[in-house]
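S.K.: If you read the protein sequences in the order shown, they are chains V and B. Numbering-wise (the numbering used here), the first sequence opens with residue 9 and increments by one. Numbering-wise (the numbering used here), the second sequence opens with residue 355 and increments by one. Even for Gly, the Cβ is constructed at its ideal location relative to N, Cα and C.
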Amino acid sequence: MSGGLVLALALAFWAAAWALNARVAAGPFGRSRAGRIFVPVLFGITLLVLWEGAVHGLGVSAVILPAPSAIAAKFAASTGLLWADFVQTVLKGALSGFVIGTAAAFVTAVIADRVPFLREGLLPVGNFVAALPVVGMAPILVMWFGFGWQSKAAVVVAMVFFPMLINVVAGLATAERMQRDLMATWGASYWQALWKLRLPAAMPFIFNGLKIAASLALIGAIVAEYFGSPVVGMGFRISTAVGVLNIELVWAEIAVAALAGSAFYGLIALIEKAVTFWHPSQRT
Amino acid sequence: MKRAAPVLVVLLALVALWYAASVWMNSTWVYDQAARAGQSPSLMQVIPQTMAQERPLLPPPHQVAARLWEGLAGQAITSKRSLVYHGFVTFRGTMAGFALGIVLGVGLAMAIVRFRVMDMSVMPWAIISQTIPIVAIAPMILVVSNQLGIQGREVPKAIIASYLSFFPVLVSMVKGLRAPDQMQLDLLKTWGASEGQTFRKLRLPASMPYFFASLKVAVAAALVGTIVGELPTGAVEGLGARMLLGSQYGEPLITWAALFASAILAGVLILAVGIVERLAAQRMGVRA
């Protein structure tokens, strides 16, 4: 097929899919659960078709932008390599840092909540630090902890600590005066009130912090690898593959990163749904 | 004053902790040197030596402050060693990405509020886009823009920054444009207002508090994006490039000074957005 025809077909598919989506969105099917999944999925497929059509139709060089089919082929051909990188970066670096960082922030927040003086001091500082480009710490931490996954975990800890901290502190303050008084009249101890009232009330904030931390964790683990890593890992693979213009492999790694990030985020959202089923934002 | 005291105490505690950590981390090197010279120094002799090393593992606060001051005020601002110069490069990238992010975020939010099909198809992908680690794509964006013949790093940096900064604007604007309740919308309908008029006179003003709240997040995100765009990609200008330089040449002081310069820049940007917000609120007649 000639390039122009491919491009025209892709554009036609786009127009048809968009018209279908518009119809579905306006109709009763769009309000159902299946419709709410169908529309974005069709939109995503449309983007892929447009991408494929544009690459073939306009004859874009594979060095600039490979077609999705070429990326998928590369992905399938190098699953072993991608899996090793995934283990190194996501499971060893990002996940361990995420667990350590959020747990440390949680404990600090509970202590800060117990001591009002500490809370008033820590909250403005935490708010400010959470807005800083902490990712710049990466070269320093790689220097301290070496090239292994430990330095990546350290970067992730530094990145997720303060965003998580301010969310938990804010969450622990959400239980209302009336509810606390009720706990007091029942003679609840501090720990009972914390466990039965204030932690459950804080859950929406805690999950918000976890979601923010989840996307930061992957960024931190990958950036840290640009500053030194063993010869395995997603950040390492991306920077070396870009160097030799193996662009399909880069996109395959990006796909892994996207899948890992979305899965991580989706998992947290699922747990959130189960834990905070009572919250207005979860009721439909 | 009552609110400043706890903050000051926490800050002082952090500085004290920092000093303690730098004594601890830098002492290894001092002991090492002493052992080579066949001495065994006491702790009191070691501490001063941990405070003034050429290449400390963790530079103590006053060394970083001195280096920062030298970088900010000790150079001509056009000098390649001046942090003002590098800070300006980063600032320019941040502003370009911030502006692009605002346009993209507000534009998408308008379309999403207006068209149900946009809401259903684009919104989930906007959320997914933020779970993709941008740094994985950063080197790719550089290569592509190089291949397309775009010189310099301004454009790729702005794209990376806007990728991070459009999302808070989008989410807040969607919420803000939907903030007017049915009663208010009905009132405008009874007055025969067109869709454009409803948008200009009701939806847009109602969304302003949401808009400015999101700007503070977005400007910080744009700065992070710009620095990420400068870090791993071999840039030679900007605060991110300074951090990289310090790590490559084993000069931790350069990295630390650049880190704090970027913290100052972040503070100034957030403060500036706050001032703009107050001015806009005054002009629109919002009572504080």
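1) If you count every other CB in all the chains shown that lies within 10 Å of the CB of residue 285 of chain V, and 16 or more means buried, which is it?
2) Excluding five sequence neighbours on each side, which residues of the same chain lie with their C-beta closer than 6 Å to the C-beta of residue 642 of chain B?
3) Can you say whether residue 125 of chain V is buried or exposed, counting buried as having 16 or more other CB atoms within 10 angstroms of its CB?
4) Which of helix, strand or coil does DSSP assign to residue 603 of chain B?
5) Answer yes or no: does any C-beta atom of chain V fall closer than 8 Å to that of residue 417 of chain B?
6) Please tell me whether residue 642 of chain B has its Cβ less than 8 Å away from any Cβ of chain V.
7) Since residue 555 of chain B is in the alpha helix (DSSP H), which residue starts that stretch and which ends it?
8) If the criterion is Cβ atoms closer than 8 Å, does the pair residue 473 of chain B and residue 482 of chain B meet it?
9) Applying the criterion that 16 or more other CB atoms from any shown protein chain within 10 Å of the CB defines a buried residue, is residue 259 of chain V buried or exposed?
10) What is the residue span of the alpha helix (DSSP H) that residue 60 of chain V lies within?
11) In three-state DSSP terms, what is residue 540 of chain B?
12) For residue 44 of chain V, which residues in chain B fall below 7 Å Cβ to Cβ?
13) Quick one: is residue 494 of chain B near chain V, going by C-beta distance under 8 Å?
14) Taking C-beta to C-beta, are residue 129 of chain V and residue 363 of chain B nearer than 8 Å?
15) Kindly list the residues whose CB is nearer than 7 Å to the CB of residue 599 of chain B, restricted to its own chain and excluding five residues on each side of it in sequence; keep chain order.
16) When you compare the CB of residue 280 of chain V with every CB in chain B, is at least one pair closer than 8 Å?
17) Does any C-beta atom of chain V lie closer than 8 Å to the C-beta of residue 484 of chain B?
18) Find the nearest neighbour of residue 12 of chain V within the set V/23, V/28, V/62, V/48, judged by alpha-carbon distance.
19) Return yes when the Cβ of residue 247 of chain V is within less than 8 Å of the Cβ of residue 234 of chain V, no when it is not.
20) Give the straight-line distance between the Cα atoms of residue 179 of chain V and residue 80 of chain V, rounded to the nearest whole angstrom.
21) Mind listing the chain B neighbours of residue 59 of chain V? Cutoff is C-beta to C-beta under 8 Å, in chain order.
22) Less than 8 Å between CB atoms is the rule here; does residue 254 of chain V satisfy it with respect to chain B?
23) Please determine, among B/383, B/399, B/583, B/639, the residue with the shortest C-alpha to C-alpha distance to residue 497 of chain B.
24) Can you tell me where the alpha helix (DSSP H) holding residue 170 of chain V begins and where it ends?
25) Spell out a yes or no on whether the segment 373 to 388 of chain B and the segment 399 to 417 of chain B are touching, meaning 3 or more CB-CB pairs, one atom from each, closer than 8 Å.
26) How would you list, in chain order, the residues of chain V whose beta-carbon sits under 9 Å from the beta-carbon of residue 620 of chain B?
27) I'd like the list of long-range same chain contacts for residue 565 of chain B, defined as Cβ closer than 7 Å, with 5 residues on each side in sequence excluded.
28) Taking the beta carbon of residue 121 of chain V as the centre, do at least 16 other beta carbons fall within 10 Å, making it buried, or is it exposed?
29) State the start and end residues of the unbroken alpha helix (DSSP H) segment that holds residue 254 of chain V.
30) Counting beta carbon pairs with one atom in the segment 87 to 103 of chain V and one in the segment 225 to 242 of chain V, are three or more of them shorter than 8 Å?
31) Within 10 angstroms of its Cβ, does residue 245 of chain V collect 16 or more other Cβ (buried), or is it exposed?
32) Judging by CA-CA distance, which residue of V/170, V/243, V/274 is the nearest neighbour of residue 110 of chain V?
33) Using the Cα positions of residue 456 of chain B and residue 574 of chain B, report the straight-line distance between them to the nearest angstrom.
34) For the segment 620 to 636 of chain B, which residues have a CB atom closer than 8 Å to at least one CB atom of chain V, in sequence order?
M.R.: Let me spell this out:
1) Exposed: under 16 other Cβ atoms inside 10 Å.
2) Residue placement at residue 642 of chain B is poorly supported in this model, since its pLDDT is 48, which falls under 50; the coordinates still yield a value, given next. Answer for residue 642 of chain B: no residue qualifies.
3) An exposed status is given to residue 125 of chain V, since fewer than 16 other beta-carbon atoms sit within 10 Å of its beta-carbon.
4) It is coil, neither helix nor strand.
5) It does not: the Cβ of residue 417 of chain B has no partner Cβ on chain V nearer than 8 Å.
6) Because residue 642 of chain B carries a pLDDT of 48, less than 50, the predicted location of this residue cannot be relied on, and the following value inherits that uncertainty. Closer than 8 Å: no.
7) Residue 555 of chain B -> no alpha helix (DSSP H), and no H or E assigned at all.
8) No. Outside cutoff.
9) Counting Cβ neighbours within 10 Å, residue 259 of chain V comes out buried, since at least 16 surround it.
10) Looking at the DSSP string, the run of the alpha helix (DSSP H) that includes residue 60 of chain V is 41 to 65.
11) Note: residue 540 of chain B maps to helix in three-state DSSP.
12) What residue 44 of chain V touches in chain B: 474.
13) Against chain V, the CB of residue 494 of chain B has a partner CB under 8 Å away; the residue lies at that interface.
14) Yes, Cβ-Cβ distance for residue 129 of chain V and residue 363 of chain B is below 8 Å.
15) Taken in chain order, the residues that qualify are 608.
16) No, because no Cβ of chain B sits closer than 8 Å to the Cβ of residue 280 of chain V.
17) Closer than 8 Å: yes.
18) Measuring from the Cα of residue 12 of chain V, the nearest candidate turns out to be V/62.
19) In this structure, the beta-carbon distance from residue 234 of chain V to residue 247 of chain V falls below 8 Å.
20) Distance between the alpha carbons of residue 179 of chain V and residue 80 of chain V is about 43 Å.
21) None at all; the shortest Cβ gap to chain B is about 13 Å.
22) Chain B contact via Cβ: absent.
23) Relative to the Cα of residue 497 of chain B, the nearest Cα in the group B/383, B/399, B/583, B/639 belongs to B/583.
24) Going by DSSP, residue 170 of chain V is part of the alpha helix (DSSP H) stretching over 157 to 180.
25) Judged by Cβ distances under 8 Å, the segment 373 to 388 of chain B makes contact with the segment 399 to 417 of chain B, as three or more pairs qualify.
26) Residues of chain V whose Cβ lies closer than 9 Å to the Cβ of residue 620 of chain B are, in chain order, 136, 139, 140, 141.
27) Excluding residues within five positions, the ones whose Cβ falls inside 7 Å are 526, 527, 530.
28) Counting Cβ neighbours within 10 Å, residue 121 of chain V comes out buried, since at least 16 surround it.
29) Per DSSP, residue 254 of chain V lies in no alpha helix (DSSP H) segment and is marked neither H nor E.
30) Flag = yes, the segment 225 to 242 of chain V and the segment 87 to 103 of chain V touch.
31) Buried, by the Cβ-count rule.
32) In terms of CA proximity to residue 110 of chain V, V/170 leads the group V/170, V/243, V/274.
33) CA-CA distance, residue 456 of chain B to residue 574 of chain B, rounds to 13 Å.
34) For the segment 620 to 636 of chain B, which is checked against every Cβ of chain V, the residues closer than 8 Å are 620, 621, 624.
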